[in-house]
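From first to last, the protein sequence lines are chains D and R. Letter 111 of the first sequence, counting from 1, is numbered 156 in the numbering used here, and no numbers are missing. Letter 83 of the second sequence, counting from 1, is numbered 107 in the numbering used here, and no numbers are missing. Yeah, the Cβ is synthetic: ideal placement off N, Cα and C, and Gly gets one too. Since the structure comes first, as structure tokens, the remarks are kept for the end.
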Amino acid sequence: NAGVTQTPKFQVLKTGQSMTLQCAQDMNHNSMYWYRQDPGMGLRLIYYSASEGTTDKGEVPNGYNVSRLNKREFSLRLESAAPSQTSVYFCASSGDRGGSRGKLFFGSGTQLSVL
Amino acid sequence: QQQVKQSPQSLIVQKGGISIINCAYENTAFDYFPWYQQFPGKGPALLIAIRPDVSEKKEGRFTISFNKSAKQFSLHIMDSQPGDSATYFCAASKDGNFNKFYFGSGTKLNVKP
Numbered sequence: 046n047a048g049v050t051q052t053p054k055f056q057v058l059k060t061g062q063s064m065t066l067q068c069a070q071d072m073n074h075n076s077m078y079w080y081r082q083d084p085g086m087g088l089r090l091i092y093y094s095a096s097e098g099t100t101d102k103g104e105v106p107n108g109y110n111v112s113r114l115n116k117r118e119f120s121l122r123l124e125s126a127a128p129s130q131t132s133v134y135f136c137a138s139s140g141d142r143g144g145s146r147g148k149l150f151f152g153s154g155t156q157l158s159v160l
Numbered sequence: 025q026q027q028v029k030q031s032p033q034s035l036i037v038q039k040g041g042i043s044i045i046n047c048a049y050e051n052t053a054f055d056y057f058p059w060y061q062q063f064p065g066k067g068p069a070l071l072i073a074i075r076p077d078v079s080e081k082k083e084g085r086f087t088i089s090f091n092k093s094a095k096q097f098s099l100h101i102m103d104s105q106p107g108d109s110a111t112y113f114c115a116a117s118k119d120g121n122f123n124k125f126y127f128g129s130g131t132k133l134n135v136k137p
């Protein structure tokens, strides 16, 4: 059971380059999230998708876009990377019933450096 | 504005001791309070969670204490072990079919043998 799978694990970009972080879950969860983790800042929500076909901004959405491609996949795109976007990015999902309700399942993260 | 404030930022405890991490929140609409544990190089994983209808929840060596009037909750790790060394995050959300979670800034726990 893979859970939440993120790719790539590591990425180095130059300022101004673009890239897409991929995320897929196999738990049939409705809700998916993108967080960034910075030292001393905890986990901050970038974007989320409460259900297939919907997306909404979180706490720190500037400089990012997302696509909920289908129920399984939720991608995060950096159109023009900036050094301030150097961070560890986590995708997560949660269900709305049973043991998955209210429980976030995280991927293993993408460490992104923007030079 | 940080929705959930967590302290301390780091904590060193001797093996067998009690680790205590504290969190405070402002939004009285929050009604679900989980704690996540994160090991280096891994994503966070749910450790234990509480809803405000109880003041305490215990799972093994881990206990959440909840004070609704003070809008505070804390994680106690009894008989702390070196394997507990990790970063701990508290979080809060409004329970429902969809949960939008707000996280604390994290506490890095080091349990010395």
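Query	Result
If you compare alpha carbons, which of Phe151(D), Ser138(D) and Ala127(D) is closest to leucine 160(D)?	Ala127(D)
Quick check: is the beta carbon of alanine 69(R) nearer than 8 Å to any beta carbon in chain D?	yes
Suppose you measure from the CA of serine 153(D) to the CA of alanine 53(R); what does that come to, to the nearest Å?	31 Å
For a quick check, are the C-beta atoms of serine 79(R) and phenylalanine 90(R) less than 8 Å apart?	yes
Between Ile36(R), Ala48(R) and Gly65(R), which has its C-alpha nearest valine 135(R)'s C-alpha?	Ile36(R)
Does any residue of chain R have a CB that is nearer than 8 Å to the CB of tyrosine 93(D)?	yes
Using 8 Å as the limit for Cβ to Cβ distance, is serine 33(R) near chain D?	Checking the displayed sequence, the identity of residue 33(R) turns out to be glutamine instead of serine. Yes, glutamine 33(R) lies at the interface with chain D (some Cβ there is under 8 Å from its Cβ).
As a quick exercise: from Gln38(R), Pro32(R), Ala48(R) and Gln27(R), pick the residue whose alpha carbon is nearest that of alanine 94(R).	Ala48(R)
Let me check one thing: in DSSP terms, what residues is valine 150(R) bridge-paired to?	The structure shown does not extend to residue 150(R), since chain R is modelled only from 25 through 137, so no value can be given for it.
When the Cα atoms are used, what is the spatial distance from threonine 131(D) to glutamine 156(D)?	8 Å
Is it the case that the Cβ atoms of phenylalanine 97(R) and glycine 87(D) are separated by a distance below 8 Å?	no
Is glutamine 70(D) closer than 8 Å to valine 49(D) when the C-beta atoms are compared?	yes
For lysine 102(D), return the contacting residues in chain R, with the cut-off set at a CB-CB distance below 8 Å.	Those within 8 Å of lysine 102(D) in chain R number zero; the least Cβ separation is about 11 Å.
Got a sec: is the Cβ-Cβ distance from tyrosine 112(R) to anything in chain D below 8 Å?	no
Taking contact to mean at least 3 C-beta pairs separated by less than 8 Å, is the region 49-60 of chain D in contact with the region 112-120 of chain D?	no
In three-state DSSP terms, what is serine 63(D)?	coil
Within 8 Å (strictly less), CB to CB, does leucine 149(D) reach chain R?	yes
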